[in-house]
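Shown next, in structure tokens, is the structure this report addresses.
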Amino acid sequence: MNIGIESVYIVSALMFGLGLKLLSSPATARRGNMLSALGMLLAVVATLFNQEIIDFRFIAGGIVLGSIIGVLAARLIAMTAMPEMVALLNGFGGIASLLVGWAEYNSTMAPTTFTAVTIFLAVMIGGVTFSGSIIAWAKLKEFWIGNFGISKAFVFKGQQVFNSLLVLAILACGALFMMNPGEGYQYFLVIIALAFLLGIMAVMPIGGADMPVVISLLNAYSGMAACAAGFVIHNNILIVAGSLVGASGIILTNIMCKAMNRSLGNVLFSGFGSVVTAAGSGSEQGEVKPVSVSDAYLLLEAASSVVFVPGYGLAVAQAQHAVHELSQLLEANGCEVRFAIHPVAGRMPGHMNVLLAEADVPYDELVEPDDVNPLIETVDVCMVVGANDVVNPSARDDETSSIYGMPIVEVDRARVCIVMKRSMAAGFAGIQNPLFFKDNTRMLFGDAKASLQGLVSEFKHD
Amino acid sequence: MTAEFVFLAFILMLSIFLGFELISKVPSTLHTPLMSGSNAISGITVVGALIAAGSESAELSVILGTAAVVFATINVVGGYLVTNRMLAMFKKKEGGKK
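If you read the sequences in order, they're chains G and Z.
Counting along the first sequence from 1, when you hit position 398 you're at 1627 in this note's numbering, and nothing is skipped either side.
Counting along the second sequence from 1, when you hit position 93 you're at 96 in this note's numbering, and nothing is skipped either side.
Here is the structure:
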């Protein structure tokens, strides 16, 4: 152990910790991120002084290639595609840990039992993270294989039995490998293959709108994989950084599950949304009241307080700039504007916040459901832009509903609620939304961006 | 071996605790930058990858290590840059605008 290098690692760990601490406020977050990046740079430079390193050619090549790809990806990615980017980055973290574990095994060949256990963990978690993230990425991209949209939940009979057997097979191979690592290369390779398969099988049954949970969980896995790799090569900084990331992923997973009132097990195994139940849809129906852009304008023009509730539809329609323009005009009209953001709105934690920040909406206008619900009766107009299940009053009123108990933005209690929607199709959960049939609800059909731009020009003509 | 394991496990436990304390204070509006930023931190595997890619060991280990360097560097560079790009967009309301 080199005291100089280890001391630098301590400084790096401190900077990672401080960086995360500064992330507790949007005002200091950017500095925190830079501090964290500087810590990473220090750790990398210090590592290059490791005496085991004698050949720098491959290192230089790898760093240059990785940096070029990283810079290009970070520059070119659209803000609406951020979930895909994060999914891929999770996967890359996982595969890197797998490769480090493999390289270490390949060069020692006869590790102690303890090291063999940690190699097994690094390779297994890393493999699951990688293939799971690739599937999550494909689901977010909404690829189609023939007639099958990959973003849908994919379930088949006996899936859970199959997955359980898969886990048992991995553990069995792991045991055989750990008992005699020196002779166990074939088991080791089988473990890698099975871990890839498990990652695919684990993410396939999860539907598109449950992606916030999956991405958070894969984030946690990538941290755990780094942690395990740290045990493999006896490196403190990997363990510290890996567990910080693991904790972050677990906390986010927990927040997402709570926001849907579902257990993690339910999200991972139920194939939620894959079966569209017809039950209950008949009783709730009534008459919907469509509204034109010019009538919606009159409602907004007279309002002194407006709350926007954005959902995934906002991202799909790329309507974040239009909604900001409308909100500015409303403010110029003397109206108080806020954006109520449900934790699971969009495809990843904080997705809506980033989109609205991109459109220059100040972050102090972004509030959580708990901040608006108590006083929502005083809100003149609630504008629901591309959200559905997070504003479904069934979650509050109907004990038989599959989303009963999920916290919602209670837009139905506002004076008027305008729902912007393409058609009357049900939301992700496949259940009817009684909000659409309430007396104080108006439906503004059409593309969200076009409707918002229509409202903007109505304001400007005035 | 046991002593070292205990030592590493100690570090693991304390950093998990620290992680939970720090991250539970991050506001929900910053959850996406938190994910991409922590992603970049998990690219710390690059440290292990560097040693594998540069040491005088079996050929396959060097190849695996180099591949790991590439992936981990994408993670680090891409993660930090994209986080910075996002955080630069978060603005407070200007005072005299209303």
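In this text, a Cβ means the ideal position worked out from N, Cα and C, and glycines have one as well.
Nothing here was measured: the structure is a model prediction, and the numbers come from that model.
- DSSP places G/Met1653 in the coil class of the three-state scheme, outside both helix and strand.
- Distances from the CA of G/Leu1317 to each of Z/Lys95, Z/Phe74 and Z/Ala91 were compared; the closest alpha carbon is that of Z/Phe74.
- Within chain Z, Glu7 and Leu11 have C-beta atoms less than 8 Å from the C-beta of G/His1463, given in sequence order.
- G/Trp1373 is bridged by DSSP to G/Gly1378.
- The alpha-carbon separation between G/Val1469 and G/Ala1458 amounts to approximately 11 Å.
- Only buried fits G/Arg1576, as 16 or more other CB atoms lie within 10 angstroms of its CB.
- Chain Z has no Cβ within less than 8 Å of the Cβ of G/Cys1486.
- Here DSSP, grouped into helix, strand and coil, assigns G/Ala1574 to coil.
- Between G/Ala1586 and Z/Phe13, the C-beta gap is not smaller than 8 Å, which leaves the two residues out of contact.
- Here the alpha carbon of G/Ala1339 sits roughly 45 Å from the alpha carbon of G/Arg1259.
- Nearest to G/Val1613 by C-alpha distance, out of G/Asn1490, G/Thr1276 and G/Ala1548, is G/Ala1548.
- Within 10 angstroms of the beta-carbon of G/Asp1600 lie fewer than 16 other beta-carbons, which makes it exposed.
- Assignment of G/Phe1674 by DSSP, reduced to helix, strand and coil, places it in the strand class.
- Close partners of G/Ile1282 in chain Z (Cβ separation under 7 Å): Leu53, Ile54, Gly57 and Ser58.
- Contact between G/Leu1328 and Z/Ala61 does not hold, since their C-beta atoms are separated by about 14 Å, which reaches or exceeds 8 Å.
- When secondary structure is reduced to three states using DSSP, G/Phe1385 falls in the coil class, being assigned neither helix nor strand.
- At the C-beta level, G/Ile1429 and Z/Ile54 stay beyond 8 Å of one another.
- In this structure, G/Met1672 lies away from G/Lys1689, with their beta-carbon atoms at least 8 Å apart.
- Taking 8 Å as the upper bound for CB-CB distance, G/Glu1333 and G/Ile1354 are not in contact here, some 15 Å apart.
- According to DSSP, Z/Pro30 shares a beta bridge with no other residue.
- Per the C-alpha coordinates, the member of G/Glu1412, G/Ala1449, G/Phe1245 and G/Phe1278 positioned closest to G/Gly1322 is G/Ala1449.
- With 16 or more other Cβ atoms from the protein chains shown falling within 10 Å of its own Cβ, G/Met1308 counts as buried.
- In the three-state reduction of the DSSP assignment, G/Arg1491 falls in the coil class, being assigned neither a helical nor a strand state.
- Contact check for Z/Ser41 and G/Val1474: beta-carbon distance about 5 Å, within the 8 Å limit, so the pair qualifies.
- With a threshold of 8 Å between beta carbons, G/Glu1333 makes contact with chain Z.
- Spatial neighbours of G/Phe1359 in its own chain (CB-CB distance under 6 Å, excluding positions within 5 residues in sequence) are listed in chain order as Gly1320, Gly1323 and Ile1324.
- For the C-beta of G/Pro1255, the chain Z residues within less than 8 Å are, from N- to C-terminus, Pro30, Thr32, Leu33, Leu90, Phe93 and Lys95.
- Across the set G/Gly1290, G/Gly1261 and G/Asn1335, the C-alpha of G/Asn1335 shows the shortest separation from the C-alpha of Z/Ser64.
- Looking at the DSSP output, G/Ile1282 sits in a beta bridge with Z/Ser58.
- Annotation note: the segment 1539-1571 of chain G contains the following uninterrupted alpha helix (DSSP H) runs of length 4 or greater, listed N- to C-terminal: 1541-1545 and 1549-1561.
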